[in-house]
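There are 2 protein chains.
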Amino acid sequence: MSVPSRLALVPFISVDNMMRFVLHIGVERMLVELAQEIEADFRRWEHFDKTPRVASHSEVGVIELMPASDGELYGFKYVNGHPANMHAGLQTVTAFGVLADVATGYPVLVSEMTFLTALRTAATSAMAARALAPTGAHTMAMIGNGAQSEFQALAFRAICGIEHVRLYDIDPAATRKCAANLAGSGLRIVPCATAEAAMEGAQIVTTCTADKQYATILTDNMVGAGVHINAIGGDCPGKTELHRDILLRSSIFVEYAPQTRIEGEIQQLAKDHPVTELWEVFAGRAPGRTIAQQITLFDGVGFAIEDFSALRYVHQRIKPTGFYQDLDMIADPDDPRDLYGMLMRAKALAG
Amino acid sequence: MSVPSRLALVPFISVDNMMRFVLHIGVERMLVELAQEIEADFRRWEHFDKTPRVASHSEVGVIELMPASDGELYGFKYVNGHPANMHAGLQTVTAFGVLADVATGYPVLVSEMTFLTALRTAATSAMAARALAPTGAHTMAMIGNGAQSEFQALAFRAICGIEHVRLYDIDPAATRKCAANLAGSGLRIVPCATAEAAMEGAQIVTTCTADKQYATILTDNMVGAGVHINAIGGDCPGKTELHRDILLRSSIFVEYAPQTRIEGEIQQLAKDHPVTELWEVFAGRAPGRTIAQQITLFDGVGFAIEDFSALRYVHQRIKPTGFYQDLDMIADPDDPRDLYGMLMRAKALAG
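Just so you know, the protein sequences line up as chains A and B, in that order. Its first residue numbered 1, the first sequence is counted upward by one per residue in the working numbering. Its first residue numbered 352, the second sequence is counted upward by one per residue in the working numbering.
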């Protein structure tokens, strides 16, 4: 009918193109580079317009919008969390996002973010562990072997130098799937029959379970001194993975306290329980791990700035790859006040 | 590389396809049907999960996310407001939106919403006027002849029976553009040299100016008894169109008071100044206009439920028209826990 103007077009990265892009960069290299981008943004944390995510809860799940802006770019992510989806053959978490130019308000990128979220979550976890885990950590226990697990394992290998990963899931099929996917990754993978067995000799424990019903993945007696816990499965009100007593023994690090107090493990604690925001560690405002016996806990729920960093990273690199398509998304009449005239001209063209 | 599954695909309505759809339905018929959808949702207002929109302000404009859900469907709109865009040949307001299934969290529609917002805003204004304007109103003054103006005029013709529209804009070129576009619409159009002249004999006054700098479009002496004011240009903090004294003489109707008190004309008034939410009128909980001499004011800022209604309307009707394209937006591995395996299989397929 009519030919869209250049201003009307917004690059869109489909799932297929995102996979091409990730494979083009390489999974581990992309995890390393995403962690660099996120860390750089955490260092300038105070520049950002931040807000806890806007959540719409239903009985079966949650739909969230996560906006962030640094004054030049604005990004937001749409993400759902529906634990029962898996049983219907659907993803528990799917996501897409948009990056926009603050000066004009025009979107500059629309992207799938299911893959990108898995990558940025793993990059953030490993970035936190690099600052918090004990020196020389080489073994990680991974409790929960679902969609996040391989990305976590590869990020901890690439960013923290982890060599051994000990797997446990209440469903042995998930463990088999994870072990098979990580064969050939360079990691030594050990499937375990219990969570306790998975934690033997581990300096880092990652919990990434999805289901609301398994509320306590780790009990207090399972966690020894000096361990770093990377708890990323508890990320909505009522959903936690760790027994409260573990929290009371831990130095707790969070992304953005106002959001984590609602969604994270620390919803089990008093509202004024001391926590450190991770950016403070990277900006040199607060210490990370200080002594060997310390239990450090990253209570990760995912924050909008991580998505912002990931969208910007992709936006900066996508054009030369060609792994995108242009969407005719912005109505752009010749005279900006003549939106109706644009419609009438389209009618005339259609005859 | 890989063929997306059926679940991965989300229908997308481009600007071009939205124009085809609007022309297929017919502008006035679509305005009437949108007003019916919006009124039906206003009647069941209390069913909705409501939140004031989430705004990110900068010196040059605002980017907003506007979510709403009725428990079955969830919708949100991304919309910017950048008054200086016009001088750079860009739209002041552009928008797109998403409708999703609450049960799964999966998006079911992505759509341009610059056109759809113009249509739903006009439908909402005319719907409000049908309940609030004096009986037998036939003449409307329209102050501000920008991108919204033709849609407003056509909605008031189709929904309220307006026959005469008197135009005024500080820029005569805008008035000429609006008058030319409305020639042949069946409306009698009268371009006027001043705002005062435009208001002669008008029972309804619509103010739809975009620029923050023209703060007072209507002064108190311009507004006589019995008039209905449809004020839709003031829609962000610091941006108003009416002198405060007019507000003090008016019965004020708003969409959602917590949002309008921040963004609307009533930001000039005390926080507890009485206002009526429009849904209360349609649900029979509050009166509309009660006496002929009353000045009624619809302080319209645009609310998320109107976008929700509009997205649902389009979603219900788009499939048979074919005016959409499928986007591969949702990563959908065969085993929902095997997101990483999906990537590896894509790699294998690519050789």
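Backbone N, C-alpha and C fix where the C-beta goes; we use that ideal spot for every residue, glycine too. In this text the structure is predicted, and so the values were computed from the model without any measurement.
For the 8 Å CB-CB criterion, L598/B and E616/B form a contact. Distance check between R29/A and each of A133/A, F115/A, A158/A, V98/A places A158/A closest, using alpha-carbon atoms only. The beta carbons of F633/B and E390/B sit about 6 Å from each other, so the pair counts as a contact at 8 Å.
By the neighbour-count criterion, in which 16 or more other beta carbons inside 10 Å mark a residue as buried, I63/A falls on the buried side. Below the 9 Å Cβ cutoff, chain B contributes no neighbours of V301/A, its closest Cβ being approximately 17 Å away. With a 10 Å radius around the Cβ and a threshold of 16 neighbouring Cβ atoms, H438/B comes out exposed.
Counting other Cβ atoms within 10 Å of its Cβ, P638/B stays below 16 and is therefore classed as exposed.
Between the beta-carbon of P336/A and that of Q503/B there is about 17 Å, and that puts the pair past the 8 Å contact cut. Sixteen is the threshold: since fewer than 16 other Cβ atoms of the shown chains lie within 10 Å of the Cβ of Q644/B, the residue is exposed. Taken through DSSP and simplified to helix, strand or coil, G692/B comes out as helix. When C-beta distances to chain B are compared with 7 Å, the residues of the region 152 to 180 of chain A below that value are A174, K177, in chain order.
Within chain B, N532 have C-beta atoms less than 8 Å from the C-beta of M344/A, given in sequence order. For D49/A, the neighbours in chain B by C-beta distance under 9 Å run, in chain order, S407, H408, S409. Taking the CA atoms as reference points, T486/B sits about 16 Å from N581/B. Residues of chain B whose Cβ lies closer than 8 Å to the Cβ of Q91/A are, in chain order, I681, A682, D683, P684, P687, L690.
A direct Cα-to-Cα measurement between Y74/A and D677/B gives close to 26 Å.
S185/A sits in coil when the DSSP states are folded into three classes, being neither helix nor strand. Comparing C-alpha distances from G226/A to each of I295/A, H164/A, D169/A shows the shortest one belongs to I295/A. Listed along chain A, the residues sitting closer than 7 Å to Y425/B by beta-carbon distance are S56, I63. At least 8 Å separates the CB of Y256/A from every CB of chain B.
Less than 8 Å divides the Cβ of A484/B from the Cβ of I555/B. Annotation: the continuous beta strand (DSSP E) that includes H228/A extends over 228 to 231. M140/A: member of the beta strand (DSSP E) spanning 139 to 143, first to last residue. In the three-state reduction of the DSSP assignment, Y78/A falls in the strand class, which pools E and B. Apart from the 5 residues on each side of it in sequence, C178/A sits with its Cβ closer than 7 Å to the Cβ of N145, S149, E150, L167 in its chain, given in chain order. Put simply, the CB of N431/B is near chain A, with a gap under 8 Å to one of its CB atoms. L360/B carries a strand assignment under DSSP once its states are collapsed to helix, strand and coil.
Looking at D421/B, A446/B, F372/B, L694/B, the one whose alpha-carbon comes closest to that of L119/A is L694/B. The alpha-carbon of T321/A is positioned some 49 Å away from that of D245/A.
Relative to the Cα of V108/A, the nearest Cα in the group D338/A, H315/A, D332/A belongs to H315/A.
Within the same chain, and ignoring the five residues on either side of V223/A in sequence, the residues whose Cβ sits closer than 6 Å to its Cβ are I246. With a threshold of 8 Å between beta carbons, Y675/B makes no contact with chain A.
Taking all protein chains in view, the Cβ of D171/A is surrounded by fewer than 16 other Cβ atoms within 10 Å, so the residue is classified as exposed. Under DSSP, S309/A takes part in no beta bridge, so it has no partner.
Against chain B, the beta carbon of N85/A has neighbours under 8 Å at T455, G456, P687, listed in chain order. Only V361, F363, S365, V366, D367, N368, M369, M370, R371, V373, L374, V378 from the region 361 to 386 of chain B bring a Cβ to less than 9 Å from some Cβ of chain A.
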